[in-house]
Each structure stands twice: as structure tokens, then as C-alpha cells.
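Trainee: Quick note, in the numbering used here, the sequence shown goes up one by one and the last residue is 297. Glycine included, each C-beta is placed from N, C-alpha and C at the ideal position. All values derive from a computational prediction rather than experimental measurement. The structure that follows is given in the form of C-alpha cells.
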Amino acid sequence: MNADRTAFGPPEIAAIAAINVIWAINVFAIEIPAEAMPPVFAAALRFTIALICLWPFLPVPRAQIRPMLIVAALSGPIHFGLIYVAYAMADDITPLIVAIQLWVPISALLATMMLGERASLIRWAGLLVGIAGIGVMSLDAKVVADWPAIGIGLVACACWALTAVLTRKFGGLPAVRMQAWTALTAAPVLLALSALTETGQIAAAQAAPWPAWAGLAFAALVSSLAANGLMFALVQKVEVNRVTPWLLLYTVLAAAIGAAFFGERLTLPVIAGGAVTLLGVALVAVAERRRT
6 MNADRTAFGP PEIAAIAAIN VIWAINVFAI EIPAEAMPPV FAAALRFTIA LICLWPFLPV
66 PRAQIRPMLI VAALSGPIHF GLIYVAYAMA DDITPLIVAI QLWVPISALL ATMMLGERAS
126 LIRWAGLLVG IAGIGVMSLD AKVVADWPAI GIGLVACACW ALTAVLTRKF GGLPAVRMQA
186 WTALTAAPVL LALSALTETG QIAAAQAAPW PAWAGLAFAA LVSSLAANGL MFALVQKVEV
246 NRVTPWLLLY TVLAAAIGAA FFGERLTLPV IAGGAVTLLG VALVAVAERR RT
């Protein structure tokens with residue numbers, strides 16, 4: 006695929022900002038229902054809500070059915086199912102957030118191998134510095150205890166990276182219809198998996214407080230439809246390795262939200278790592294300006 010050499014305009018900048026803010030809020034939006042209900046069941050409810058709302062967008066041309074199924078299966082039942090399990094297992098959510106950011110360098114590597122994309126040394130340096138900063142944020146004694154959850158998160162983030170690259174490779178997949186197909190594949194698979202591996206789903210749903218249901222609604226409609234839809238639209242328009250480094254910013258935003266509203270500690274590693282991550286994103290911005 007030929008590289009898109011156009012500079013980011015106001016729509017792309019606004020989309021990247023919106024994705025970062027929504028994803029940062031969504032970290033806690035999905036944690037609340039995953040703690041109030043069996044996690045796979047919570048994920049199934051998220052996509053059931055999305056499927057009901059997006060049902061009119063399911064029809065696609067016959068030629069798009071196969072690529073839609075591939076990206077929907079990767080991003081839906083596999084990626085999100087694993088993410089909900091990992092969130093439920095983690096004692097401290099910050100290291101898990103850190104671990105799943107590895108989808109950014111994984112997506113850059115896959116884009117190089119599968120799409121022939123090329124990135125400047127400054128862009129690669131910014132990407133690596135950003136990831137190093139996220140690693141510094143995770144330097145906490147609790148990380149060792151959360152390694153099972155982190156391992157599951159790493160598998161999930163690899164699937165997400167592959168989804169982003171395949172979306173650009175296939176091309177021409179409408180973002181809203183992609184989210185409809187993701188919900189179509191995820192909801193029944195996750196409901197079946199929950200029935201086989203979990204118990205007490207109905208009782209937990211009935212007892213769940215309103216913030217859990219609000220979190221599900223936010224994840225289903227705002228995060229899935231708006232943020233994820235924007236991300237998949239962007240990677241079809243702009244090279245993957247130009248888009249994904251900017252999405253590291255949501256990690257810093259999530260840490261700030263966690264400290265401000267959810268009582269999570271802003272330790273020295275979190276503050277220092279956040280600063281290093283911002284430096285990495287600044288290098289990516291420099292590389293972007295050198296293109297224009």
C-alpha cells in the first residue's frame with residue numbers, strides 16, 4: 006500500500022485527541038462492570054448493547070464479508086474477551102494499562118512487515134522513548150503479583166495490533182460497520198464462553214449498581230463506536246506508524262484520572278514515566294513536522 010504523505014489536518018488532530026480522552030475514561034468504565042459482574046459476562050453485555058444499537062449497519066457488500074469477519078473476530082471476542090479477564094484479575098490496574106501499550110510497537114513492526122511502511126529514525130526513537138516511559142510507570146512492587154493478568158493483556162494487545170494493520174491492509178471497511186460486525190461476533194461468543202466458565206451472571210447483573218451499567222453503556226457506545234471507530238478510520242487513511250504513537254497519551258491521561266477520581270496513587274515512577282512518555286510523543290510530533 007502506498008504511504009499517505011499528507012500532513013495531519015484539524016480533523017485528524019481532533020480525532021486523535023478524542024480517542025485519547027475516551028480511551029482514558031474507558032479504562033475505568035470497563036473496570037467497574039468487570040468487578041461487579043463476571044468479567045466475560047460483562048464483556049458480552051457490552052457488545053450486546055452495541056449490537057442492538059448498530060444492527061442497521063450490519064449489511065455489507067459480499068466482497069467485504071470475509072475481511073469484516075477476520076478483523077471483527079480479532080478485535081471482538083478474542084481481544085476484548087481477554088482484556089476483561091485481565092482487568093478482573095489485576096489488583097492494580099496501572100501496570101496492566103502499561104503492558105497493553107505494547108500494541109503500539111507491535112503494530113509498527115507488523116505495519117513494516119505486512120504493509121511495507123517506513124518510519125524515520127526520529128519517529129522510531131519517539132516510539133521507543135514513549136514505551137520506555139510507560140515501562141517506568143510500571144516500576145512498582147505490585148507488578149510481580151499482576152503478571153498473570155499482564156500476560157493475558159499482552160496476548161490481547163497483539164490481537165489489537167494485528168487488527169489495526171489488517172484494517173489498513175484490507176482498506177475500504179466502513180468504521181461504523183466494523184464496530185457492528187465486531188459486536189455481532191463478540192456478543193454470542195462471549196455469552197457462550199461466560200455460560201461455560203462463569204456462574205452467577207443473572208444475580209450479579211441484578212445486583213450491579215448503576216455505575217456498572219453506566220460503564221457498560223459508555224464502553225459500548227462511546228468507546229466502541231466513537232473512539233474505536235475513529236481509530237480504524239484513521240489507520241485506513243494514514244499510515245499505522247504515524248497514528249499509533251500518539252495514542253500512547255491516553256496512558257498518561259488514565260493515570261491522572263485514576264489519581265483524581267479513583268484514589269489511585271501518583272507515585273514517583275508514575276510521574277517520571279508519564280514525563281518520559283510525553284517526551285516520546287514530542288519526538289513523534291517533531292518527526293511529523295519534518296514531513297511537512
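For Trp165 versus Trp108, is the C-beta spacing smaller than 8 Å?
Mentor: The answer is yes: Cβ separation under 8 Å.
Trainee: Determine the contact status of Gly156 and Gly279, defining contact as a CB-CB distance below 8 Å.
Mentor: Not a contact, by the Cβ cut-off of 8 Å.
Trainee: Does the Cβ of Ile24 have 16 or more other Cβ atoms within 10 Å, making it buried, or fewer, making it exposed?
Mentor: Burial call: buried.
Trainee: How should Ala151 be labelled, buried or exposed, when 16 other C-beta atoms within 10 angstroms of its C-beta is the threshold for buried?
Mentor: Going by the sequence as given, residue 151 is Asp instead of Ala. The residue in question, Asp151, is buried, as its Cβ has 16 or more Cβ neighbours within 10 Å.
Trainee: On a Cα-Cα basis, can you pick out the residue from Ala259, Thr204, Ala264 and Thr249 that is closest to Leu115?
Mentor: Of the candidates Ala259, Thr204, Ala264 and Thr249, the one whose C-alpha sits nearest the C-alpha of Leu115 is Thr249.
Trainee: Mapping DSSP to helix, strand and coil, what is Ser125?
Mentor: Coil.
Trainee: Report the rounded CA-to-CA distance for Leu2 versus Ile75, giving the unit in angstroms.
Mentor: Nothing can be reported for residue 2: it is not among the residues displayed for the chain, which extend from 6 to 297.
Trainee: Would you mind listing the alpha helix (DSSP H) stretches within the region 149-221 that are 4+ residues and don't spill past its ends, in chain order?
Mentor: Whole alpha helix (DSSP H) segments, 4+ residues: 152-175, 180-202 and 206-212.
Trainee: Would you check if the distance between the CB atom of Phe175 and the CB atom of Pro61 is smaller than 8 Å?
Mentor: Not a contact, by the Cβ cut-off of 8 Å.
Trainee: Could you check the C-alpha separation between Val103 and Asp96 for me, to the nearest Å?
Mentor: Taking the straight line from one Cα to the other gives about 14 Å.
Trainee: Kindly indicate which three-state DSSP category Gly268 falls into: helix, strand or coil?
Mentor: Of the three classes helix, strand and coil, the one that applies to Gly268 here is coil, per DSSP.
Trainee: As a quick exercise: from Ala265, Ser199 and Thr172, pick the residue whose alpha carbon is nearest that of Ala49.
Mentor: Ranking the options by Cα distance to Ala49, first place goes to Ser199.
Trainee: Measuring CA to CA, which of Val32, Ala22, Phe13 and Pro193 is closest to Val45?
Mentor: Comparing Cα-Cα distances from Val45 to each of Val32, Ala22, Phe13 and Pro193, the minimum goes to Pro193.
Trainee: Let me know the secondary structure DSSP gives Phe85 once reduced to three states.
Mentor: Phe85: helix per DSSP, three-state reduction.
Trainee: Could you check the C-alpha separation between Ala265 and Ile57 for me, to the nearest Å?
Mentor: For Ala265 and Ile57, the distance between alpha carbons rounds to 34 Å.
Trainee: Over what stretch of residues does the alpha helix (DSSP H) that includes Gly234 continue unbroken?
Mentor: Counting along the chain, the alpha helix (DSSP H) containing Gly234 begins and ends at Gly234 to Lys242.
Trainee: Taking C-alpha atoms, which residue in Leu221, Val32, Ala260 and Ala231 lies nearest to Ile276?
Mentor: The shortest C-alpha separation from Ile276 is found at Ala260.
Trainee: Under 7 Å Cβ to Cβ from Val281, same chain only, skipping five residues before and after it: list those, please.
Mentor: These residues qualify, in order along the chain: Val134, Ala137, Gly138 and Val141.
Trainee: Measure the C-alpha to C-alpha separation of Leu258 and Thr204 and round it to an integer number of angstroms.
Mentor: Near 35 Å, if we compare the C-alpha coordinates of Thr204 and Leu258.
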